[in-house]
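Visitor:
There are 2 protein chains.
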Amino acid sequence: MPNNNNILIAQGGGPTNVINQSLAGIIINEKKNKSKIFGSLNGVNGIINNNFVTLNNILPDEITMLRNTPGAALGSTRDKPDQKYCEEIYNVLKKKKINKFYYIGGNDSSDSLRIISQYSKEKNYSLQCIHVPKTIDNDLVLNDHTPGFGSAAKYVAQLFSGINFDVRSLPGVYIGVVMGRHAGFLTASSSILRNKSSDGPHIILIPEFSFNIKDFITSIKSVFNKYGRCIIAVSEGIKNKNNILYSKKIQSSSEYDDHGNIQLSGSGMLGDFLANEVKNKLKISRVRADTLGYSQRCFLGSASEIDQKEAFQIGLKAVSFSNANKNSFSIGIEERKFFSKKYNPKFIVNKLIDIAGKTKIMPGKFYNSKKFDVTNDFLNYCRPLIGKKFPRTTSIV
Amino acid sequence: MPNNNNILIAQGGGPTNVINQSLAGIIINEKKNKSKIFGSLNGVNGIINNNFVTLNNILPDEITMLRNTPGAALGSTRDKPDQKYCEEIYNVLKKKKINKFYYIGGNDSSDSLRIISQYSKEKNYSLQCIHVPKTIDNDLVLNDHTPGFGSAAKYVAQLFSGINFDVRSLPGVYIGVVMGRHAGFLTASSSILRNKSSDGPHIILIPEFSFNIKDFITSIKSVFNKYGRCIIAVSEGIKNKNNILYSKKIQSSSEYDDHGNIQLSGSGMLGDFLANEVKNKLKISRVRADTLGYSQRCFLGSASEIDQKEAFQIGLKAVSFSNANKNSFSIGIEERKFFSKKYNPKFIVNKLIDIAGKTKIMPGKFYNSKKFDVTNDFLNYCRPLIGKKFPRTTSIV
Numbered sequence: 001m002p003n004n005n006n007i008l009i010a011q012g013g014g015p016t017n018v019i020n021q022s023l024a025g026i027i028i029n030e031k032k033n034k035s036k037i038f039g040s041l042n043g044v045n046g047i048i049n050n051n052f053v054t055l056n057n058i059l060p061d062e063i064t065m066l067r068n069t070p071g072a073a074l075g076s077t078r079d080k081p082d083q084k085y086c087e088e089i090y091n092v093l094k095k096k097k098i099n100k101f102y103y104i105g106g107n108d109s110s111d112s113l114r115i116i117s118q119y120s121k122e123k124n125y126s127l128q129c130i131h132v133p134k135t136i137d138n139d140l141v142l143n144d145h146t147p148g149f150g151s152a153a154k155y156v157a158q159l160f161s162g163i164n165f166d167v168r169s170l171p172g173v174y175i176g177v178v179m180g181r182h183a184g185f186l187t188a189s190s191s192i193l194r195n196k197s198s199d200g201p202h203i204i205l206i207p208e209f210s211f212n213i214k215d216f217i218t219s220i221k222s223v224f225n226k227y228g229r230c231i232i233a234v235s236e237g238i239k240n241k242n243n244i245l246y247s248k249k250i251q252s253s254s255e256y257d258d259h260g261n262i263q264l265s266g267s268g269m270l271g272d273f274l275a276n277e278v279k280n281k282l283k284i285s286r287v288r289a290d291t292l293g294y295s296q297r298c299f300l301g302s303a304s305e306i307d308q309k310e311a312f313q314i315g316l317k318a319v320s321f322s323n324a325n326k327n328s329f330s331i332g333i334e335e336r337k338f339f340s341k342k343y344n345p346k347f348i349v350n351k352l353i354d355i356a357g358k359t360k361i362m363p364g365k366f367y368n369s370k371k372f373d374v375t376n377d378f379l380n381y382c383r384p385l386i387g388k389k390f391p392r393t394t395s396i397v
Numbered sequence: 398m399p400n401n402n403n404i405l406i407a408q409g410g411g412p413t414n415v416i417n418q419s420l421a422g423i424i425i426n427e428k429k430n431k432s433k434i435f436g437s438l439n440g441v442n443g444i445i446n447n448n449f450v451t452l453n454n455i456l457p458d459e460i461t462m463l464r465n466t467p468g469a470a471l472g473s474t475r476d477k478p479d480q481k482y483c484e485e486i487y488n489v490l491k492k493k494k495i496n497k498f499y500y501i502g503g504n505d506s507s508d509s510l511r512i513i514s515q516y517s518k519e520k521n522y523s524l525q526c527i528h529v530p531k532t533i534d535n536d537l538v539l540n541d542h543t544p545g546f547g548s549a550a551k552y553v554a555q556l557f558s559g560i561n562f563d564v565r566s567l568p569g570v571y572i573g574v575v576m577g578r579h580a581g582f583l584t585a586s587s588s589i590l591r592n593k594s595s596d597g598p599h600i601i602l603i604p605e606f607s608f609n610i611k612d613f614i615t616s617i618k619s620v621f622n623k624y625g626r627c628i629i630a631v632s633e634g635i636k637n638k639n640n641i642l643y644s645k646k647i648q649s650s651s652e653y654d655d656h657g658n659i660q661l662s663g664s665g666m667l668g669d670f671l672a673n674e675v676k677n678k679l680k681i682s683r684v685r686a687d688t689l690g691y692s693q694r695c696f697l698g699s700a701s702e703i704d705q706k707e708a709f710q711i712g713l714k715a716v717s718f719s720n721a722n723k724n725s726f727s728i729g730i731e732e733r734k735f736f737s738k739k740y741n742p743k744f745i746v747n748k749l750i751d752i753a754g755k756t757k758i759m760p761g762k763f764y765n766s767k768k769f770d771v772t773n774d775f776l777n778y779c780r781p782l783i784g785k786k787f788p789r790t791t792s793i794v
């Protein structure tokens with residue numbers, strides 16, 4: 001058992017509904033290590049600004065509440081450290097005698113961690129860097145799925161199930177714009193709670209397959225003629241055949257973050273544009289577009305119980321693996337080969353360099369691009385992740 | 398106990414999460430009356446188009462699922478019957494020997510019912526018209542609140558609670574646009590799950606008080622300077638000092654429904670406009686706007702358990718009151734005088750003419766227009782309606 005350890009925890013990137021479960025897991029097991037536990041506020045930004053708290057004295061009741069609280073309790077950041085930034089981090093960590101640094105984040109955060117880890121090695125400073133995954137985008141390579149995804153997928157599935165019944169009541173065309181810059185997993189999860197073949201969403205559009213406005217209009221027309229209504233789940237990250245973001249084409253002023261990512265969420269522009277196209281081309285009067293927005297990653301009280309459990313366990317396991325293995329690593333969930341078997345997730349250790357900055361997209365077997373729909377493989381893959389707490393529903397007419 | 402009754406049920410206006418609870422309540426108690434139970438599809442529209450189903454043979458398990466299904470199971474309509482339309486309804490109801498007509502709907506639907514009831518009287522045809530309230534807007538006069546509101550309020554409260562933690566993680570300005578054409582109740586419910594004085598929403602803007610862009614910017618600036626972040630809940634129905642809808646001012650092409658109502662939901666325009674104003678005037682880089690959209694009235698699996706219970710009971714009671722009282726009426730929930738007492742709702746009977754087409758707005762005691770915030774009276778009024786199924790949350794830093 002290590003003794004007199006100084007450890008640091010930070011949270012980076014877009015928060016999730018269960019990111020604090022992982023934080024709680026790390027705190028609980030590092031307390032057992034008798035470590036002095038620091039948290040840096042707002043990710044790596046708090047390190048260079050000497051903005052730390054100690055986390056040893058959080059009471060058990062507070063930990064319980066923390067686990068159920070969405071958002072990053074330590075604050076987050078979009079900063080991406082360059083060499084100079086890494087030097088500053090190194091100076092602070094060395095001064096504070098930190099020898100383990102847990103960074104809970106997505107692929108951008110794991111890339112920050114890879115740079116810091118590399119820099120420390122060059123400086124011969126013993127720093128174990130541990131990446132604890134989270135992302136609602138579910139786009140980490142070598143991971144079956146990522147903590148945070150299941151709850152976001154559940155929210156999207158609940159929303160589209162409700163919309164299915166709402167649009168049955170007052171028919172028309174409904175377009176829901178779902179988060180997901182490069183990977184279509186979250187948009188695809190809009191399908192999970194469909195019961196009948198007539199249930200929406202009827203059309204699912206993901207960033208992995210090029211978007212074409214003509215095909216879009218034609219497919220809506222076909223569904224509308226069949227059912228008198230059409231529900232579409234479209235990813236904010238759809239691209240045209242030249243791989244240009246469709247949002248970019250229609251936005252007059254685009255906002256980019258430090259990673260060069262365009263702002264897609266927090267604006268209704270894409271949905272409004274598509275709705276107007278449908279109105280004008282098909283002369284359907286009731287066309288509505290909702291942009292699902294930030295509630296996808298933070299809606300209170302509806303997290304997937306499976307996701308909560310796994311996010312907590314991955315925090316606990318990150319500590320026990322770090323005790324056994326003194327190198328830097330990224331903890332993960334082993335990829336399943338068969339999706340119809342009993343769901344039984346297994347935690348694994350990946351090399352940072354194999355995860356960092358890489359983006360996983362929806363595999364071809366999960367999507368039928370001719371039908372604009374997900375496959376049974378996707379349904380079997382995704383279903384266990386959103387938990388089981390749903391009422392049974394019916395359409396009586 | 399009446400015998401050999403033909404009764405008709407329809408659902409009108411915007412659906413809610415619990416409108417089928419009321420439908421189920423009516424079916425269950427009318428079965429005890431040994432009535433022949435018809436449903437017309439898509440509200441009054443199904444009557445004139447002879448589009449009926451019989452509802453006697455729905456199995457108990459189906460009823461259980463029906464109760465948990467959002468949206469109007471019989472379909473809904475935005476049609477508003479004029480005299481000619483009423484004549485057609487009358488002809489069909491007489492032909493079908495309907496002597497009781499339950500219409501589950503809001504104030505527009507109750508107005509349709511008033512016209513039909515009046516017309517039947519003139520024709521000397523014995524038709525009992527029973528209005529069973531539902532509306533997420535909570536804008537029915539002589540009612541403490543309306544079934545459907547509690548679940549929508551819960552959704553809005555859960556969403557803003559999540560946003561509160563999300564924006565603590567990645568600070569900036571967040572604007573959430575909430576449904577509500579004339580009444581601010583739903584927007585106000587964004588406040589219910591705040592714990593600390595620093596918790597958002599920090600600014601709440603409702604249609605009952607005139608909106609001014611200069612005051613809006615000034616108040617955001619003040620909150621942002623204090624907390625480094627600002628969360629705003631704004632009603633889609635905000636109006637300027639001349640009582641002109643703010644959305645109308647900024648929409649290039651406006652869409653109206655048959656009631657002369659402008660389309661406010663299903664577009665991100667208002668939120669995007671306000672976000673751009675904040676960006677340009679305050680030079681704050683991270684400004685996001687979400688338009689909450691249709692999930693407010695149909696999100697699956699998160700209905701308020703109190704709202705579900707009351708919507709079911711009001712259906713049951715509509716039948717028992719109709720057995721005892723042979724006139725037309727609107728069933729309702731008695732207005733509370735004191736909001737701090739134990740919550741104990743009481744069902745009452747109102748005259749159709751006293752409800753029909755009238756709109757209730759937020760009483761002055763529920764809103765502090767100087768602080769752009771709700772009062773404790775509102776919090777005590779609204780809290781029991783959203784139920785108790787929330788996790789406890791915390792901010793540890």
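Residue numbers (this note's numbering), protein chains in the order written: chain V, 1 to 397; chain R, 398 to 794. The beta-carbon is built from N, C-alpha and C at its ideal position, and this holds for glycine as well.
Please determine whether the Cβ atom of residue 87(V) lies at a distance below 7 Å from any heavy atom of the ligand FMN.
Guide: Only the bare structure without any ligand can be found here, which leaves the ligand FMN out of the picture.
Visitor: Identify every run of the alpha helix (DSSP H) within the region 322–396 of chain V, keeping only runs that are complete inside it and at least 4 residues long; order them along the chain.
Guide: 352–355 and 376–382
Visitor: The beta strand (DSSP E) that contains residue 36(V), what's its start and end?
Guide: 36–40
Visitor: At what residues does the beta strand (DSSP E) containing residue 498(R) begin and finish?
Guide: 497–502
Visitor: Between residue 474(R) and residue 310(V), what straight-line distance do the alpha-carbon atoms span, to the nearest angstrom?
Guide: 44 Å
Visitor: What residues from chain R crowd round residue 297(V), counting only those whose CB sits closer than 9 Å?
Guide: Contact annotation for residue 297(V) against chain R: 559 and 563 [CB-CB distance below 9 Å, chain order].
Visitor: Residues in the region 451–471 of chain R with C-beta within 7 Å of chain V's C-beta atoms, listed in sequence order?
Guide: 455, 459, 462, 463, 465, 466, 467, 468, 469, 470 and 471
Visitor: Give me whichever residues DSSP pairs with residue 226(V) in a beta bridge.
Guide: The partner list for residue 226(V) (beta bridge, DSSP) is empty, contrary to what the question assumes.
Visitor: Applying the 10 Å Cβ sphere with the 16-neighbour rule, what's the burial state of residue 807(R)?
Guide: Given a span of 398 to 794 for chain R in the structure shown, any question on residue 807(R) remains unanswerable.
Visitor: Pick helix, strand or coil for residue 32(V), following the three-state DSSP scheme.
Guide: Helix, per DSSP.
Visitor: Step through the CB atoms of chain R and report whether any lies within less than 8 Å of the CB of residue 290(V).
Guide: Using a CB distance cut-off of 8 Å, residue 290(V) counts as an interface residue toward chain R.
Visitor: In whole angstroms, what is the alpha-carbon distance linking residue 472(R) and residue 735(R)?
Guide: 37 Å
Visitor: With respect to the beta strand (DSSP E) encompassing residue 544(R), which residues constitute its N-terminal and C-terminal limits?
Guide: Looking at the DSSP string, residue 544(R) is not in any beta strand (DSSP E), and its letter there is neither H nor E.
Visitor: From the DSSP output, read off the bridge partner residues of residue 599(R).
Guide: DSSP output for residue 599(R) lists no bridge partner at all.
Visitor: Going along the chain, which unbroken runs of the alpha helix (DSSP H) with 4 or more residues stay wholly within the region 437–522 of chain R?
Guide: 441–445, 457–464, 480–492 and 504–519
Visitor: Is the Cβ-Cβ distance between residue 483(R) and residue 501(R) less than 8 Å?
Guide: No, Cβ-Cβ distance for residue 483(R) and residue 501(R) is not below 8 Å.
Visitor: Does the pairing of the region 571–591 of chain R with the region 777–789 of chain R give three or more beta-carbon distances under 8 Å?
Guide: yes
Visitor: Give a yes or no on whether the minimum CB-CB distance between residue 362(V) and chain R is below 8 Å.
Guide: No, no contact with chain R.
Visitor: I think residue 537(R) touches residue 496(R), with their Cβ atoms under 8 Å apart; what is that distance to the nearest whole Å?
Guide: Incorrect: roughly 25 Å between the Cβ atoms, too far for contact.
Visitor: Going by CA-CA distance only, name the one from 752(R), 458(R) and 470(R) that's closest to residue 450(R).
Guide: 470(R)
Visitor: Starting from the C-beta of residue 522(R), find all residues in its chain whose C-beta is less than 8 Å away, skip the five residues before and the five after it, and write them out in chain order.
Guide: For residue 522(R), where only same-chain residues beyond five positions count, the Cβ hits under 8 Å are 487, 490 and 491.
Visitor: Since I believe residue 295(V) is in contact with residue 556(R) (beta carbons under 8 Å), could you give me their beta-carbon distance rounded to a whole number of angstroms?
Guide: 5 Å
Visitor: Determine which residues of the region 15–26 of chain V have a Cβ less than 7 Å from any Cβ of chain R, and write them out in chain order.
Guide: Within the region 15–26 of chain V, the qualifying residues are 15.
Visitor: Would you check if the distance between the CB atom of residue 422(R) and the CB atom of residue 709(R) is smaller than 8 Å?
Guide: yes
Visitor: Kindly indicate which three-state DSSP category residue 168(V) falls into: helix, strand or coil?
Guide: Here residue 168(V) sits in helix by DSSP.
Visitor: Buried or exposed: which applies to residue 59(V), given that a residue is buried once 16 or more other Cβ atoms fall within 10 Å of its Cβ?
Guide: exposed
Visitor: Can you list the residues of chain R that residue 146(V) reaches, using a CB-CB cut of under 7 Å?
Guide: Near residue 146(V) there are no residues of chain R at all, since even the closest Cβ is about 17 Å away, more than 7 Å.
Visitor: With a threshold of 16 other CB atoms inside 10 Å of the CB of residue 414(R), please say whether the residue is buried or exposed.
Guide: Burial call: buried.
Visitor: So which of 389(V), 390(V), 362(V) and 370(V) has the shortest CA-CA distance to residue 378(V)?
Guide: 362(V)
Visitor: Suppose contacts are defined by Cβ-Cβ distances below 8 Å. Is residue 690(R) in contact with residue 144(V) by that definition?
Guide: no
Visitor: So residue 598(R) contacts chain V; which residues on that side make the cut at Cβ distance below 8 Å?
Guide: For the C-beta of residue 598(R), not a single chain V residue is nearer than 8 Å; the gap to the nearest is close to 13 Å.
Visitor: Please report the Cβ distance between residue 527(R) and residue 726(R), rounded to the nearest whole angstrom; I am assuming they are in contact, meaning their Cβ atoms lie under 8 Å.
Guide: 6 Å
Visitor: Considering only the alpha carbon of each residue, which of 249(V), 142(V), 349(V) and 101(V) lies closest to residue 321(V)?
Guide: 349(V)
Visitor: Looking only at DSSP bridge pairs, what is residue 632(R) linked to?
Guide: 575(R)
Visitor: Among all the DSSP beta bridges, which residues are the ones paired with residue 407(R)?
Guide: 500(R)
Visitor: Evaluate the contact criterion for the region 194–203 of chain V versus the region 438–448 of chain R: three or more CB pairs, one atom per stretch, below 8 Å.
Guide: no
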